[in-house]
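Data first, discussion second: the structure below is written as structure tokens.
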Amino acid sequence: MENKSNESTTDSFRWFEMFQKLLNALKHRVTIWHKNSRQRPTLSPSLRILIKHKHYLQNRYRHSRLEADRLRLRSWEKLLHREFQQFKADNWRKFMSNVASPNPMTFWKSIKVLNKKKSTQFSAITKDNNTTLKSTKETTDYLFEHFSGRFGPPTTDVNNTTDREAQEVWDRLSQADPDCIYRAWCRSDLKFDAADLKKVIAAMKTKNSTGFDLVSNRMVKVLSQNYMKLLADSYNKLFEKAYWGDSWKQARTVCFNKSNSPAPTSNQLRSISLLPIFGKIYERLFLLKFNLWIKKMNILPWQQSGARPHLSTMTRDYGFINIKVKTGRDTLNTIEDNFGPKEYELQGKQ
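Quick note, the sequence shown lines up with residues 304 to 653 if you use my numbering.
Okay, here's the thing in structure tokens:
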């Protein structure tokens, strides 16, 4: 019986792997690939047409030197100047309306472009001893060793009571019988339907970047609604046995250069992990129930925002308040030290 349940769980995970390969094959089948010869223009199509016609009038007047062509070019240039001014004013008005928006997400998306700069591409890595690695293999091996050390498993201190108890709980869960896990799942609310799956997928950002599964968020968002019930049932089978495949634990890492140097150090790189999309949905389905349980049991107060969704504005407000309070305390301490009452001890001559 136990072998049959394990085989059904493994088959469910294999179904996800085959579904990932199917989506990747469909993407290559229906996508028309082409290379962009230039960057995407920031001007509107109408302005680009006006500029193109202005260049045509310039070349025409340069060859003909007729008065009619000169007047036509002058009037067209005035028209183009007014259109440019209107275009800048419209962009500024749109930016200010986004800044004044009551939606925090719209506000922060508009503000972050002010300090956003393009990342410098790097082709080498500088080690701690000022040695520069230029070959691709040496750079990859060095970064793999660096990030493996940073994101390794946590160390457990046997002298710490909390660490020791956590390790004991983890050992008991690792050795638990699959039937016990299934009975605990039947008594829990860790069951999901198509509505929960739609909610999780809708909350994800529309991105084209992919991990090792070669499936992006955009591809999952455009899936037909007929797949939601099938996906929800497959996820429930994985939750029955608390199964997590090894391929969902492997992330593709992309490094961005935080400095202006083409050969930065490892500490000057910002790494982004691209996990498999169905593994992220699996995790967010669990967090959907876990956050409700935390809120119901009052484990975390509402003032502690942390990394919970839709509370980034509150986190920044707390940060600003703490800075102001700390600055005010330092100012009061400085005033009291400089201008406050002081006691002097007078010592007479003996």
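Note that the Cβ used here is the ideal one computed from N, Cα and C, for glycine as well.
Since this is a predicted model, take the numbers as computed values, not measurements.
Does the beta-carbon distance from residue i to residue j come in below 8 angstroms?
i	j	result
PRO579	TRP547	no
VAL523	ILE504	yes
ASP372	TYR359	no
LYS592	LEU493	yes
SER537	LEU577	no
PHE387	SER347	no
LYS502	MET531	no
ALA566	THR435	yes
ASP474	ASP466	no
ASN601	THR423	no
From residue i to residue j, what distance separates their C-alpha atoms?
i	j	result
GLU380	LYS357	7 angstroms
GLU586	ALA469	21 angstroms
THR313	ASN462	38 angstroms
ALA256	LYS508	What is shown of the chain runs 304 to 653, which leaves residue 256 out entirely.
SER569	SER426	13 angstroms
VAL518	LYS397	34 angstroms
ILE484	ASN539	13 angstroms
ILE555	PHE410	Rather than Ile, the amino acid found at residue 555 in this sequence is Arg. Cα to Cα, the separation comes out at about 31 angstroms.
PHE581	PHE319	8 angstroms
TRP488	LEU588	14 angstroms
MET321	ASP549	15 angstroms
VAL402	MET408	10 angstroms
LYS324	ARG332	12 angstroms
ASN432	TRP395	48 angstroms
ILE352	SER527	39 angstroms
SER400	GLU370	45 angstroms
PRO590	TRP336	Note on identity: in this sequence residue 590 is Leu, with Pro being the wrong assignment. If you take the alpha carbons of LEU590 and TRP336, they lie about 37 angstroms apart.
PRO456	ASP393	52 angstroms
GLU471	THR464	11 angstroms
LYS415	SER367	50 angstroms
MET498	ILE584	The amino acid occupying residue 498 in the given sequence is Ala; Met does not appear at that position. Cα to Cα, ALA498 sits roughly 13 angstroms from ILE584.
ASP482	THR458	31 angstroms
ARG453	ASP444	14 angstroms
PHE450	VAL557	11 angstroms
ILE624	THR630	10 angstroms
LYS599	LEU417	40 angstroms
LYS412	LEU374	45 angstroms
ASN327	LYS419	33 angstroms
HIS384	ALA506	43 angstroms
SER597	ASP516	According to the sequence provided, residue 597 is Ile. The question's Ser does not apply to it. Answer to the nearest angstrom: the Cα atoms are 32 angstroms apart.
THR334	PRO405	38 angstroms
LYS510	ASN529	22 angstroms
LYS437	ILE626	43 angstroms
Return the residue from the list the options that minimises the CA-CA distance to residue i.
i	options	result
LYS421	VAL557, LYS412, LYS561	LYS561
LYS430	ARG467, LEU374, GLU448	GLU448
ALA545	PRO457, LEU476, PRO565, PRO567	LEU476
ARG486	ASP444, GLU543, PHE589, ALA497	GLU543
SER574	ASP474, ASN625, ASN520, LEU446	LEU446
ASP496	LEU533, ARG343, LEU382	LEU533
ARG521	LYS330, ARG317, SER315	LYS330
GLY514	GLN553, PRO567, GLY452	GLN553
PRO344	ASN563, PHE316, ILE354	ILE354
LEU595	LYS629, ILE624, SER491	SER491
PHE316	LYS598, THR630, ALA535, ILE624	ALA535
Since residue i contacts residue j with CB under 8 angstroms, what's their CB separation in whole angstroms?
i	j	result
THR442	ILE428	5 angstroms
PHE559	LEU572	7 angstroms
GLN361	LEU376	6 angstroms
### Query
Residue ranges of each alpha helix (DSSP H) run of no fewer than 4 residues wholly in the stretch 520-555, ordered along the chain?
DSSP runs (the alpha helix (DSSP H)) wholly in the stretch 520-555: 520-524, 529-543.
### Query
Can you give, in chain order, each stretch of the alpha helix (DSSP H) that sits fully within the stretch 570-606 and has at least 4 residues?
580-600, all fully within the stretch 570-606.
### Query
Considering only residues of the stretch 342-377, which uninterrupted alpha helix (DSSP H) runs meet the minimum length of 4 residues and lie entirely inside it, listed in chain order?
For the alpha helix (DSSP H) assignment, the uninterrupted runs of no fewer than 4 residues enclosed by the stretch 342-377 are, from N- to C-terminal side, 348-367.
### Query
Which runs of the alpha helix (DSSP H), 4 residues or longer, sit entirely within the stretch 422-499?
The stretch 422-499 contains, as complete alpha helix (DSSP H) runs of 4+ residues, the segments 439-453, 464-477, 481-490 (chain order).
### Task
Go through the stretch 372-417 residue by residue and report every complete run of the alpha helix (DSSP H) that reaches 4 residues or more, in order.
If we require 4 residues or more, the alpha helix (DSSP H) runs fully inside the stretch 372-417 come out as 407-414.
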